[in-house]
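In the numbering used here, the protein residues as written are 116 to 286.
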Amino acid sequence: MGTFTIRQYGDPVLRQPTREIDDIDARVVKLAQDMIETMHAAPGVGLAANQVGVQRRLFVYDIGDGPKVVLNPRIVESSGEWTFEEGCLSVPGLSWPIVRPKEVHLVGIDLDGNELSIEASEYLGRVFQHEVDHLDGTLLIERLDEDQRREARGILRARALGLSEERPAGG
Ligand code: ZN
116 MGTFTIRQYG DPVLRQPTRE IDDIDARVVK LAQDMIETMH AAPGVGLAAN QVGVQRRLFV
176 YDIGDGPKVV LNPRIVESSG EWTFEEGCLS VPGLSWPIVR PKEVHLVGID LDGNELSIEA
236 SEYLGRVFQH EVDHLDGTLL IERLDEDQRR EARGILRARA LGLSEERPAG G
């Protein structure tokens with residue numbers, strides 16, 4: 116096992132959609148294990164493969180009941196509306212109240228190739244939406260409203276110039 120460096124806002128790999136996984140080989144299993152270790156070390160509740168520089172469609176998550184892996188995830192249905200203070204390991208130290216669907220239906224496969232079909236609401240539903248966004252090359256910055264986005268850009272610009280230093284949180 117080992118840990119990866121988590122790619123940060125501005126890294127182009129975070130803007131690129133990932134490729135589906137056809138073969139669950141030893142490399143994919145090792146990648147998932149190392150991603151779980153990286154997520155726990157951060158600490159975070161979710162991590163997508165492109166956040167560690169790997170353009171494959173999988174994410175890991177752990178909301179307190181043990182780590183899980185989802186390959187080729189898709190959200191096939193969503194409903195409702197829920198506001199949650201959301202952060203990201205690739206945009207450390209910042210969070211915003213973001214409105215997204217409250218319930219989602221996620222499908223994918225696990226590391227053994229079994230089909231997954233999970234109905235999730237509120238917190239877990241939010242984790243799924245955040246990680247699937249990552250795998251599509253979308254960051255939470257793009258889910259902000261206009262005012263939030265303007266503020267975020269200002270902070271991130273100042274940070275890029277080395278004008279501030281904050282600590283990580285999120286997924
Ligand atoms: Zn994130």
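Beta carbons: idealized from backbone N, C-alpha and C, even for Gly.
Owing to the predicted nature of the structure, the values given are computational and were not obtained by experimental measurement.
Could you check what DSSP says for residue i in three-state terms: helix, strand or coil?
i	result
Ile256	helix
Thr153	helix
Asn229	coil
Pro182	coil
Leu271	helix
Tyr238	helix
Val206	coil
Arg172	coil
Leu278	coil
Phe119	coil
Glu201	strand
Pro127	helix
For the candidate residues the options, whose alpha-carbon lies nearest to that of residue i?
i	options	result
Arg264	Gly277, Pro212, Gly223, Asp251	Pro212
Ile121	Asp260, Asp180, His249	His249
Glu261	Ala273, Gly240, Val214	Val214
Arg189	Ile256, Glu200, Ile136	Ile136
Gln131	Pro216, Gln244, Gly195, Gln166	Gln166
Val128	Val169, Asp149, Ala141, Leu209	Val169
Quick one: does the C-beta of residue i sit closer than 8 angstroms to a heavy atom of ligand 1?
i	result
Ala156	no
Leu204	yes
Gly161	yes
Gln166	yes
His245	yes
Leu209	no
His220	no
Leu271	no
Exposed or buried, residue i, counting other C-beta atoms within 10 Å across all chains shown (16 or more means buried)?
i	result
Asn229	exposed
Thr133	buried
Thr153	buried
Gly159	buried
Glu257	exposed
Ala275	exposed
Ala164	buried
Ser232	exposed
Leu255	buried
Report back the beta-carbon spacing between residue i and residue j to the nearest angstrom; my notes put them in contact at under 8 angstroms.
i	j	result
Leu186	Arg172	7 angstroms
Val191	Val222	6 angstroms
Val175	Ala157	The Cβ separation is near 11 angstroms, so there is no contact.
Glu234	Glu218	7 angstroms
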